[in-house]
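First up is the structure itself, then whatever we jot down about it.
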C-alpha cells in the first residue's frame with residue numbers, strides 16, 4: 001500500500017467498507033455469485049408462492065411508463081428490483 | 001443486463017423480471033422468436049416486436065404464459081444509452097456458471113454501471129452498491145483497471161476517500177477528469193457529495209434527452225393503438 005506516510009501492508013479488505021455498509025448488506029456482498037443466485041431463486045419461490053405481483057410498479061420516471069394504462073400498485077408495494085436486505089425492519 | 005445482473009454482482013436480492021440486451025440481427029432475432037415461443041411470451045404494451053424499434057433504442061416488453069413462468073416479464077433491448085454497441089458489450093461480457101447446469105452471460109460490471117445511470121431514482125442506489133461490492137471483493141487484488149474503475153465510479157463518499165488514500169498516484173492521475181476525486185484528494189467530504197450530485201444530475205438529464213424522442217414515438221403508438229382498439 002502507498003499513502004502519504006509511506007508504505008503499509010494492504011489488508012485483504014478495506015476496513016472502511018464496514019463503516020459504510022450495513023452488516024447484513026455486507027454479508028450479501030460477500031456471498032459468491034452462485035450463492036446469491038441460489039438465494040435469489042429461493043426468494044423468488046417464496047415471493048411467487050405468496051402471490052407476489054409480477055407487474056412492475058408504476059414508475060413515472062421510467063421512459064416506458066404509460067400513465068394512461070397504469071394499474072393499481074403491486075400488492076407488496078415494493079419495487080421490481082429488490083434492494084439488498086436492510087437490517088432492523 | 002438488469003436486475004438479474006445486479007443480483008449476480010451483489011447489488012440486489014432478486015428481480016421479478018428479466019432484461020436482455022441482444023444483437024438485433026435477423027439470425028439472432030429468429031433465435032429470440034424461438035425462445036419467446038417456448039415461453040409462450042406475448043408482446044405487451046408498445047412498441048410491437050419489430051427490429052426497427054430495437055435498432056432505434058426502444059425496449060420490447062413481453063409477458064410469459066408458460067406455466068413455469070406464468071406472468072413473468074421479459075424486456076428486450078438492443079441499444080442502451082451511455083454504453084457501447086452490442087458487439088463490444090458482448091466481447092467484454094461476464095459469464096457466470098450459476099449452477100451445475102445453468103450458465104448466464106451479463107454485461108460487464110463497468111457496462112452495467114454505465115447502463116444504470118438513468119433518470120430513475122431507483123437505479124442510483126444500484127450504481128452505488130455495484131461499485132461497493134467491487135471495491136470490497138477486489139481490494140486485495142487491485143489491478144490498474146479495477147483501481148481506475150473505482151476512482152471513476154465509486155459513489156460512496158467514505159469509500160472514495162479511502163480509495164484515494166490507498167491509491168494516491170492513480171487518483172492524482174485521473175483527478176482532472178473527476179471533480180469528486182479532486183475533492184477526495186483534498187479530503188473535502190462536502191465537495192465529494194456535491195460532485196456526486198452534479199454527476200447524477202448530468203446523467204439524468206442526458207438520459208431524459210435520449211428518451212425524449214423515443215417517448216414521443218411511444219405516445220404516438222399508444223394513441224394509434226387506442227384509435228384502433
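Protein chains in written order, with my numbering: chain P, 1 to 89; chain D, 1 to 229.
The beta-carbon is built from N, C-alpha and C at its ideal position, and this holds for glycine as well.
Does the distance from the CB of residue 40/D to the CB of residue 61/D come in under 7 angstroms?
Numbered from 1 along the second chain, position 40 holds the residue referred to as residue 40/D. Numbered from 1 along the second chain, position 61 holds the residue referred to as residue 61/D. No; because the gap between Cβ atoms is not below 7 angstroms, this pair is not in contact.
Residues in the region 183-202 of chain D with C-beta within 7 angstroms of chain P's C-beta atoms, listed in sequence order?
none
Out of 172/D, 129/D, 144/D, 83/D, which has the shortest C-alpha to C-alpha gap to residue 157/D?
The residue you call residue 157/D lines up with position 157 of the second chain. With distances taken between Cα atoms, residue 157/D lies closest to 129/D.
Can you round the beta-carbon distance between residue 10/D and residue 28/P to whole angstroms, since I take them to be within the 8 angstroms contact cut?
Taking the second chain and counting its residues from 1, the one referred to as residue 10/D is at position 10. Taking the first chain and counting its residues from 1, the one referred to as residue 28/P is at position 28. Indeed they touch by this definition, with Cβ atoms about 6 angstroms apart.
Per DSSP, cross-strand counterpart(s) of residue 102/D:
One-based indexing of the second chain puts residue 102/D at position 102. Its beta-bridge partners are 99/D.
Please give the ranges of any alpha helix (DSSP H) in the region 52-125 of chain D, keeping only runs that are unbroken, at least 4 residues long and fully inside the region.
86-91, 109-115
Please classify residue 6/P as buried or exposed, where buried requires at least 16 neighbouring CB atoms within 10 angstroms.
The residue labelled residue 6/P in the question sits at position 6 within the first chain. With a pLDDT of only 47 at residue 6/P, under 50, the local geometry of the prediction cannot be trusted, and the value read off the model is given with reservation. Residue 6/P is exposed by the Cβ-count criterion.
Using DSSP's beta-bridge definition, name the partner residues of residue 38/D.
Here residue 38/D is taken as the residue at index 38 of the second chain, counted from 1. Paired residue(s): none; residue 38/D is not in a bridge.
For residue 61/P, decide whether its Cβ has a neighbour in chain D, counting only Cβ atoms nearer than 7 angstroms.
Along the first chain, read from residue 1 onward, the residue named residue 61/P stands at position 61. It does: the Cβ of residue 61/P has a partner Cβ on chain D nearer than 7 angstroms.
For residue 44/D, which beta-bridge partners are listed by DSSP?
As a position in the second chain, residue 44/D is number 44, starting the count at 1. Beta-bridge pairing links residue 44/D to 61/D.
7 angstroms Cβ cutoff, residue 32/P in contact with chain D
As a position in the first chain, residue 32/P is number 32, starting the count at 1. No, because no Cβ of chain D sits closer than 7 angstroms to the Cβ of residue 32/P.
Comparing the C-beta of residue 82/D with each C-beta of chain P, is any distance below 7 angstroms?
Locating residue 82/D in the second chain gives position 82, counting from the first residue. By this cut-off, residue 82/D is not an interface position.
Residue 212/D, DSSP secondary structure in three states
Sequence index remark: in the second chain, residue 212/D carries index 212 (1-based). In the structure shown, residue 212/D sits in a helix (DSSP, three-state: H, G or I).
Can you find a C-beta in chain D that's less than 7 angstroms from the C-beta of residue 88/P?
As a working note, residue 88/P is residue 88 in the first chain. The predicted model places residue 88/P with a pLDDT of 47, which falls under 50 and marks its position as unreliable, so this point remains unresolved.
Taking residue 211/D as the query, report the chain P residues whose CB atoms sit under 7 angstroms from its CB, ordered along the chain.
What you label residue 211/D is simply residue 211 of the second chain in a count that begins at 1. Neighbours of residue 211/D on chain P, chain order: 63.
Are any of the Cβ atoms in chain D nearer than 7 angstroms to that of residue 50/P?
In the first chain, the residue the question calls residue 50/P occupies position 50. So no, residue 50/P is outside the interface.
Would you call the region 109-119 of chain D in contact with the region 78-98 of chain D, where contact means no fewer than 3 C-beta pairs closer than 8 angstroms?
yes
Count the other CB atoms within 10 Å of the CB of residue 220/D; is the residue buried (16 or more) or exposed (fewer)?
Here residue 220/D is taken as the residue at index 220 of the second chain, counted from 1. With fewer than 16 Cβ atoms within 10 Å of its Cβ, residue 220/D is classed as exposed.
With a threshold of 7 angstroms between beta-carbons, can residue 215/D be considered close to chain P, or not?
Reading the second chain from its first residue, position 215 is the one you call residue 215/D. So, interface residue.
Name the DSSP bridge partner or partners of residue 14/P?
By 1-based counting over the first chain, the position of residue 14/P is 14. Answer is none; residue 14/P lacks a bridge partner.
Closest to residue 19/P by C-alpha separation, out of 4/D, 7/D, 160/D, would be which residue?
To locate residue 19/P, count along the first chain from 1; it is residue 19. The shortest C-alpha separation from residue 19/P is found at 160/D.
Between which two residues does the alpha helix (DSSP H) harbouring residue 149/D extend?
Mapped onto the second chain, residue 149/D falls at position 149. Note, residue 149/D: alpha helix (DSSP H), 144-153.
Would residue 170/D and residue 133/D be called neighbours here (beta carbons separated by less than 7 angstroms)?
By one-based count along the second chain, residue 170/D stands at place 170. By one-based count along the second chain, residue 133/D stands at place 133. Going by C-beta atoms, residue 170/D is not nearer than 7 angstroms to residue 133/D.
Give a yes or no on whether the minimum CB-CB distance between residue 16/P and chain D is below 7 angstroms.
Start at 1 with the first residue of the first chain, and residue 16/P comes out as number 16. Chain D, which has a Cβ nearer than 7 angstroms to the Cβ of residue 16/P, makes this yes.
For residue 94/D, would you say it is in contact with chain P, using Cβ-to-Cβ distances shorter than 7 angstroms as the test?
As a first step, residue 94/D is located in the second chain; it is residue number 94 there, counting from the start. It does not; no Cβ of chain P falls within 7 angstroms.
For the alpha helix (DSSP H) holding residue 171/D, just list the boundary residues, first then last.
Against the second chain, residue 171/D aligns to sequence position 171. Residue 171/D -> alpha helix (DSSP H) spans 168-174.
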